[in-house]
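Everything in the sequence shown is counted per full-length UniProt numbering, starting at 1 for the first residue and increasing by one.
C-beta atoms are modelled at their ideal positions from N, C-alpha and C, and glycine is treated no differently.
Treat the numbers as computed from the prediction; the structure is a model and nothing was measured.
First the structure, in the form of structure tokens, and then the observations on it.
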Amino acid sequence: MSELDGRFVKLGAWTNLEYGNVMGRTITTESKTGAIVIAILAIISTIGTSHLWSLIVFAYHQFRSNGVPSNGLFRQQQAILRTAPTPSSLMADATKLWWSWRRATSSALVRSLTPFAFATICTVAFLSASIFSSYIVNSSDIEVLNSSCPFASEVCIGNVSAVSMDSGLVDLNDGFGLNLPNSERVSYGRKTTCAVLSLPGHTSIVDATAFSKELLDRSPFPGEQIEIMSYGTSAANPTGWENVTVFSSLLGAKFQHTYVLKGTRDRVGARQSGGSGFVPMRGMRPDYADVTIFILVNPLSYLKPVYDPWFLATKSVPRRDAAGNDILTYFHDGVGSPMGCTIQHQYCINTKSGQQCSVPDGVPVYAIQANATLKGLERASALQLSTLQLLILLRSPDIADNVTVPATLGDKALCGAQKMRKAGGFVNINVFGLAFVISMSLFLALVNISLLKFIIYLDRTKKVLGPRTDRWIQDGVLQLQRRAYEAHGQGTWTQLGKDVPLTAKGEKLVDLPLESRPIPTHEKVDDSTGTASPGKNPAVHNSSASMFSRRDASPPVSLQRTQSVGDLPSPAVLIEVLGAPVAGSSTPSLP
1 MSELDGRFVK
11 LGAWTNLEYG
21 NVMGRTITTE
31 SKTGAIVIAI
41 LAIISTIGTS
51 HLWSLIVFAY
61 HQFRSNGVPS
71 NGLFRQQQAI
81 LRTAPTPSSL
91 MADATKLWWS
101 WRRATSSALV
111 RSLTPFAFAT
121 ICTVAFLSAS
131 IFSSYIVNSS
141 DIEVLNSSCP
151 FASEVCIGNV
161 SAVSMDSGLV
171 DLNDGFGLNL
181 PNSERVSYGR
191 KTTCAVLSLP
201 GHTSIVDATA
211 FSKELLDRSP
221 FPGEQIEIMS
231 YGTSAANPTG
241 WENVTVFSSL
251 LGAKFQHTYV
261 LKGTRDRVGA
271 RQSGGSGFVP
281 MRGMRPDYAD
291 VTIFILVNPL
301 SYLKPVYDPW
311 FLATKSVPRR
321 DAAGNDILTY
331 FHDGVGSPMG
341 CTIQHQYCIN
351 TKSGQQCSVP
361 DGVPVYAIQA
371 NATLKGLERA
381 SALQLSTLQL
391 LILLRSPDIA
401 DNVTVPATLG
411 DKALCGAQKM
421 RKAGGFVNIN
431 VFGLAFVISM
441 SLFLALVNIS
451 LLKFIIYLDR
461 TKKVLGPRTD
471 RWIQDGVLQL
481 QRRAYEAHGQ
491 GTWTQLGKDV
501 PLTAKGEKLV
511 DLPLESRPIP
521 THEKVDDSTG
531 TASPGKNPAV
541 HNSSASMFSR
551 RDASPPVSLQ
561 RTQSVGDLPS
571 PAVLIEVLGA
581 PVAGSSTPSL
591 P
């Protein structure tokens with residue numbers, strides 16, 4: 001389609017009926033505004049994707065939180081999931097955990113592949129959604145097929161196949177830039193079949209002096225000869241030369257250095273009405289196709305023989321090149337190469353009963369009215385006056401452009417239903433895509449922000465998820481930090497069952513030491529399964545488990561690493577922490 005002037009571009013909202021009333025909603029704006037919209041959409045889509053990833057990680061963490069004691073690799077994976085890293089960060093962390101635990105536990109690779117594959121799949125899904133978010137535009141490709149000769153066998157070359165080019169039915173909205181509704185859609189198809197024509201019996205050579213002066217339109221040169229090709233009769237030719245379809249001067253061809261293409265055509269509608277200027281010979285008059293005959297005058301020389309049937313050049317002529325070497329060049333065997341083509345057109349329209357199509361045929365010729373001469377003279381007079389007006393307008397300063405106002409309702413509708421390609425300056429924004437990205441991103445953000453609070457509320461009233469919600473809270477960075485400080489006896493903590501634990505007002509905390517405080521283990525963890533078996537003192541395990549389920553209880557007292565006798569905890573502290581009396585004595589023995 002041709003380039004459209006920018007001032008004729010409709011800015012704002014419109015509907016591209018090619019994609020329907022919903023998907024086709026479009027906003028056309030300038031490139032600067034479009035760049036801003038694209039940047040905003042990129043930010044919004046990034047926010048939506050990040051919230052979607054957070055929801056996915058939350059669901060994955062909850063799925064793994066089954067309440068069964070597990071080894072350190074599992075706990076570290078849960079802690080990493082609790083931080084909701086990006087997919088690429090989760091892939092890197094999973095690899096890091098596998099490398100660190102590969103000799104410390106069995107099946108470390110298999111257990112690390114699950115979060116790695118999980119992050120990889122999500123990464124590929126997000127990239128695919130970004131790549132394939134734009135619309136896929138289907139182009140109408142022209143099929144080129146080998147076919148049989150469309151004319152009689154005596155006209156065609158026997159061993160050369162014809163070429164058939166069928167465009168198929170092309171919708172005017174897709175191929176011609178119109179924006180018609182479905183009820184008024186029109187499709188057009190064109191099929192062209194071409195074959196190289198036979199020369200024997202259809203060519204003759206005469207002296208230029210004996211040729212028609214009206215056709216030659218100049219004085220003949222001495223010794224000049226004319227090659228005549230005849231594939232029908234032309235009513236416009238002088239009497240006695242009606243069989244001349246195309247002619248060419250043999251002398252003139254020697255001075256040409258480019259291809260020359262000559263031709264004539266016959267429309268089946270004009271032939272049937274008796275108004276055709278050229279009538280093909282018998283065997284070249286299909287009832288449902290127009291006929292076009294091309295003659296290629298090929299005076300060029302080649303360094304190698306050419307066996308293409310239309311560019312055939314096998315006649316060798318010795319020559320001497322610029323370096324003085326004797327070479328062979330190859331010329332066309334005659335002067336011209338004929339090719340005949342049949343062209344069929346087909347039209348389809350949408351109706352209430354379905355699509356209706358015409359039969360493949362030539363271009364129709366309609367009958368004219370009885371007062372066609374009068375109408376033609378009126379049109380010619382109006383055209384002359386319009387030309388005078390245009391000449392004056394071109395010389396008048398500050399004059400508006402001459403615009404032809406649509407006269408009928410159909411013309412007005414057609415003026416507003418034209419789609420044109422415009423390179424640069426404007427962008428089209430799909431309203432459905434814009435609304436979908438914004439609404440989905442806001443929805444994901446709202447769900448991600450409110451989901452945990454809703455689940456906590458639901459768990460308190462209905463006890464739906466139970467310990468799974470506790471594990472999500474306790475695996476949080478702030479709760480892990482709280483437990484690290486408690487292990488070193490620092491802080492009086494409250495809000496143990498919430499995302500953010502608090503210390504007493506004004507309480508100070510020192511930096512955590514690098515060394516770990518040794519804590520006796522009452523459970524043995526099976527490395528092969530990652531689960532634990534009860535030890536000799538189940539009361540300790542039960543007390544520890546209940547310590548995190550009592551959200552509103554007073555903060556537990558933590559054991560400090562003892563350095564002296566004075567630092568030893570009292571029996572009451574031991575009883576409170578362990579949750580059971582110490583057997584054998586009521587007070588700790590001193591070293």
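Pairs of beta-carbons, one from the segment 85-104 and one from the segment 116-128, closer than 8 Å: are there three or more?
yes
*If Val186 sits next to Cys348, beta carbons under 8 Å apart, how far is it from one beta carbon to the other, in whole angstroms?*
Residue 186 sits at position 186 when you count from the first residue of the sequence shown. Residue 348 sits at position 348 when you count from the first residue of the sequence shown. Between Cys348 and Val186 the Cβ distance is about 7 Å, and since that is below 8 Å, they are a contact.
_Distance, Leu478 Cα to Val510 Cα_ = As a working note, residue 510 is residue 510 in the sequence shown. As a working note, residue 478 is residue 478 in the sequence shown. Distance between the alpha carbons of Val510 and Leu478 is about 16 Å.
Can you tell me the Cβ-Cβ gap for Ala84 and Val57, rounded? I've got them flagged as a contact below 8 Å.
Within the sequence shown, the letter at position 84 stands for residue 84. Within the sequence shown, the letter at position 57 stands for residue 57. About 5 Å; that satisfies the 8 Å criterion.
What's the gap between the Cα of Arg25 and the Cα of Lys304?
Your numbering for residue 25 matches position 25 in the sequence shown. Your numbering for residue 304 matches position 304 in the sequence shown. In a straight line, the C-alpha of Arg25 is about 59 Å away from that of Lys304.
- Pick out the complete beta strand (DSSP E) segments inside the segment 143-206, 3 residues or longer, and give them in chain order. 143-147, 162-166 and 186-196
Whose C-beta lies closer than 7 Å to the C-beta of Ser358 among residues of the same chain, with five residues either side of it excluded? Sequence index remark: in the sequence shown, residue 358 carries index 358 (1-based). Counting only Cβ-Cβ distances below 7 Å, and skipping sequence neighbours, we find Gln346 and Tyr347.
| Is it true that the segment 235-253 meets the segment 282-301, where meeting means three or more beta-carbon pairs spaced less than 8 Å apart? | yes
Review point. Any idea what DSSP makes of Gln346, helix, strand or coil?
Key: Counting from one through the sequence shown, the residue named residue 346 turns up at place 346. Here Gln346 sits in strand by DSSP.
Could you check whether the segment 307-320 touches the segment 277-287, counting it as contact only if at least three pairs of C-beta atoms, one from each stretch, sit closer than 8 Å? no
_Relative to the C-alpha of Asp342, which candidate in Leu390, Arg103, Ser164 and His332 has its C-alpha closest?_
As a position in the sequence shown, residue 342 is number 342, starting the count at 1. For the record, residue 342 in the displayed sequence is Thr; it is not Asp. The residue with the shortest Cα to Cα distance from Thr342 is Ser164.
Put Lys315 into one of helix, strand or coil per three-state DSSP.
-> Position 315 of the sequence shown, counting from 1, holds the residue named residue 315. Three-state DSSP puts Lys315 in a strand.
Next on the checklist: Applying the 10 Å Cβ sphere with the 16-neighbour rule, what's the burial state of Phe331?
Outcome noted: Numbered from 1 along the sequence shown, position 331 holds the residue referred to as residue 331. It is buried - the Cβ of Phe331 has at least 16 other Cβ atoms within 10 Å.
Requested in this report: List in chain order: all unbroken alpha helix (DSSP H) runs of 4+ residues lying wholly within the segment 23-90.
Outcome: 31-64 and 72-82
Tell me whether the beta-carbon of Ala236 lies closer than 8 Å to the beta-carbon of Met339.
Working through the sequence shown from its first residue, we reach residue 236 at position 236. Working through the sequence shown from its first residue, we reach residue 339 at position 339. It is not a contact, given that the beta carbons lie outside the stated cut-off.
Does DSSP classify Gly277 as helix, strand or coil? Against the sequence shown, residue 277 aligns to sequence position 277. Looking at Gly277 - three-state DSSP - the assignment turns out to be coil, as it is neither helix nor strand.
Thinking Arg471 and Ser70 are a contact (beta carbons under 8 Å), I'd like their distance in whole angstroms, please. Position 471 of the sequence shown holds residue 471. Position 70 of the sequence shown holds residue 70. Not quite, the Cβ-Cβ distance comes to about 11 Å (not below 8 Å), so this is no contact.
Q) DSSP on Met339, reduced to helix/strand/coil? A) Start at 1 with the first residue of the sequence shown, and residue 339 comes out as number 339. Of the three classes helix, strand and coil, the one that applies to Met339 here is strand, per DSSP.
Check your understanding: DSSP state of Asn430, grouped into three classes?
Key -> Numbered from its first residue, the sequence shown carries residue 430 at position 430. The answer is strand: DSSP assigns Asn430 an E or B state.
Practice prompt. Write down every uninterrupted run of the alpha helix (DSSP H) in the segment 220-266 whose length is 4 residues or greater and which is fully enclosed by it, in chain order.
Written response: 250-253
- So what does DSSP say about Val477, is it helix, strand or coil? As a first step, residue 477 is located in the sequence shown; it is residue number 477 there, counting from the start. The answer is helix: DSSP assigns Val477 an H, G or I state.
ask   = By how many angstroms is the C-alpha of Asn430 removed from the C-alpha of Ser106?
value = Your numbering for residue 106 matches position 106 in the sequence shown. Your numbering for residue 430 matches position 430 in the sequence shown. The straight-line gap from Cα to Cα measures roughly 53 Å.
> So, is Gly67 buried or exposed, given that buried needs 16 or more other C-beta atoms within 10 angstroms?
Replying inline: Walking along the sequence shown from the start, residue 67 turns up at place 67. By the neighbour-count rule (16 or more Cβ atoms within 10 Å), Gly67 is not buried but exposed.
For Ala13, count the other beta carbons within 10 Å of its own beta carbon; 16 or more makes it buried, fewer makes it exposed. Which is it? Taking the first residue of the sequence shown as 1, we reach residue 13 at position 13. Exposed, since its Cβ has fewer than 16 Cβ neighbours within 10 Å.
Checklist entry - Leu496 by DSSP, collapsed to three states: which one? => result In the sequence shown, residue 496 corresponds to position 496, counting from 1. Leu496: coil per DSSP, three-state reduction.
First and last residue of the alpha helix (DSSP H) that includes Leu215?
In the sequence shown, counting from the first residue as 1, residue 215 sits at position 215. Per DSSP, Leu215 belongs to the alpha helix (DSSP H) from Lys213 to Leu216.
Whose CA, out of Thr209, Tyr188, Cys122 and Gly177, lies closest to the CA of Tyr60?
Looking up residue 60 in the sequence shown gives position 60. Per the Cα distances, Cys122.
Whole angstroms are fine: how far does the CA of Gly201 sit from the CA of Leu241? Locating residue 241 in the sequence shown gives position 241, where the first residue counts as 1. Locating residue 201 in the sequence shown gives position 201, where the first residue counts as 1. The question names Leu, but residue 241 in the sequence shown is Trp. Their Cα atoms are separated by approximately 17 Å.
Which residues in the same chain have their Cβ closer than 6 Å to the Cβ of Lys375, if we skip the five residues on either side of it in sequence? Numbered from 1 along the sequence shown, position 375 holds the residue referred to as residue 375. If we look at Lys375 and ignore the five residues flanking it on each side, it has no Cβ neighbours.
| Smallest Cα separation from Asp243: which of Met229, Val268 and Phe255? | Indexing the sequence shown from 1 puts residue 243 at position 243. Looking at the sequence shown, residue 243 is not Asp but Asn. When only C-alpha atoms are compared, the closest one is Met229.
Discussion item. Using only the alpha-carbon positions, how far apart do Ala270 and Ile438 sit?
Written reply: Counting from one through the sequence shown, the residue named residue 270 turns up at place 270. Counting from one through the sequence shown, the residue named residue 438 turns up at place 438. The straight-line gap from Cα to Cα measures roughly 60 Å.
**Asked** When DSSP builds the beta bridges, which residues end up paired with Cys122?
**Response** For this step, residue 122 is matched to residue 122 along the sequence shown. Answer is none; Cys122 lacks a bridge partner.
| said: I need the DSSP call for Leu328, collapsed to helix, strand or coil. | reply: Numbered from 1 along the sequence shown, position 328 holds the residue referred to as residue 328. If DSSP states are grouped into helix, strand and coil, Leu328 belongs with the strands.
- Query: Straight-line CA distance for Ile473 to Lys498?
  - Reply: The residue labelled residue 473 in the question sits at position 473 within the sequence shown. The residue labelled residue 498 in the question sits at position 498 within the sequence shown. The straight-line gap from Cα to Cα measures roughly 6 Å.
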